[in-house]
Amino acid sequence: MNLASFLIYCIVVTFTPGPSNIVILSSTQIVGARKTMRYVWGATLAFGLLLTASAFLNQLLAGVLPGILKVMQIVGGLYMVYLAYQIYKMGTTEDAPKQVTGFWNGFIMQFVNPKVVLFTFTVIPSYVLPFYQSSFSSFLFVLIITFIGFLAYSSWVVFGTVFRTLLNRHQKLLSILMALFLLYSAIIVSGLI
7 MNLASFLIYC IVVTFTPGPS NIVILSSTQI VGARKTMRYV WGATLAFGLL LTASAFLNQL
67 LAGVLPGILK VMQIVGGLYM VYLAYQIYKM GTTEDAPKQV TGFWNGFIMQ FVNPKVVLFT
127 FTVIPSYVLP FYQSSFSSFL FVLIITFIGF LAYSSWVVFG TVFRTLLNRH QKLLSILMAL
187 FLLYSAIIVS GLI
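All the letters of the sequence shown, read from the start, carry residue numbers 7 to 199 under our numbering.
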C-alpha cells in the first residue's frame, strides 16, 4: 500500500472545499465556532457510518465479484478528476450557502453530499482492500479516515475567518494546487502509475 498516496488522497478530499466544508466555514462566520461544532459532530458521525458501510459492502462485493474492485478504482479515479476540475473552477467563499447548523443538519448533509458519498465508497476499495482483507484492518482504516475527516471539519471551524480571507486573496493558486493533488491521487487510485 502506498501510504503517502492514501494520506494525500484522504487529506485533499476532506480538507478541500465541498458542501459540508463550505457550510462549516459560512456557519462559523454567522453563528460562531461553538454552535458550528454541533454540525461538525453530526457530519463526523455520518462520515464514519458511511465509511463503515463502505468497508462492509466492499468486502462483501470483493468476495462475491472480485472484478468489481477494479471498476470501483476506475470510477473513484474519474470522480477525483471531476473533483479536481470543480475545485479548479470554484468560486469564492462568498458563494457559500447560508444554512442553519446543528447536529442533525450535519448528519443528514453527509448522506446527500455527493463528495462524501463517493469518497467513502471509493477510498476503501481503492486503498485498503487491495492490501488488507481483514475486518479488523478495515475497521482501523475507517477510524483513521474518520479522524482525518473530523480534523478537516474542525479546521474549517477553527480557521474559518482566516481561511475565508486566505481563500479570497489566493483563490486561484489554492484551487490549482488542490486540483493538482487530486489529479495525482486519481492517477494513483486508477492504477495508472
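Ideal Cβ placement from N, Cα and C applies to all residues, glycine included.
In the structure shown, THR126 adopts helical secondary structure according to DSSP, grouped into three states.
Going by DSSP, VAL18 is part of the alpha helix (DSSP H) stretching over 9-21.
Taking the Cα positions, GLN35 is about 16 angstroms away from PRO25.
Under the three-state reduction of DSSP, TYR133 is assigned to helix. Sorting LEU124, SER143, PHE156 and ARG175 by C-alpha distance to the C-alpha of VAL81 places LEU124 at the top.
Scanning SER60, THR42 and TYR15 for the CA closest to the CA of GLY166 turns up THR42. When THR22, GLY83 and ALA52 are compared, the shortest CA-CA separation from ASN111 is found for ALA52.
Pairing LEU157 with TRP47, the inter-Cα distance amounts to about 11 angstroms. The beta carbons of GLY83 and ALA185 sit about 14 angstroms from each other, so the pair does not count as a contact at 8 angstroms. Taking C-alpha positions only, ILE154 is separated from VAL118 by approximately 20 angstroms.
When TYR190, LEU56, ILE182 and TYR45 are compared, the shortest CA-CA separation from THR107 is found for TYR45. Looking at PHE62, LEU179 and TYR138, the one whose alpha-carbon comes closest to that of LEU9 is TYR138. For TYR159, the enclosing alpha helix (DSSP H) starts and ends at 141-164. Close CB contacts of ILE17 within its chain, under the 7 angstroms cut and outside five residues either way in sequence, are with ILE154 (chain order).
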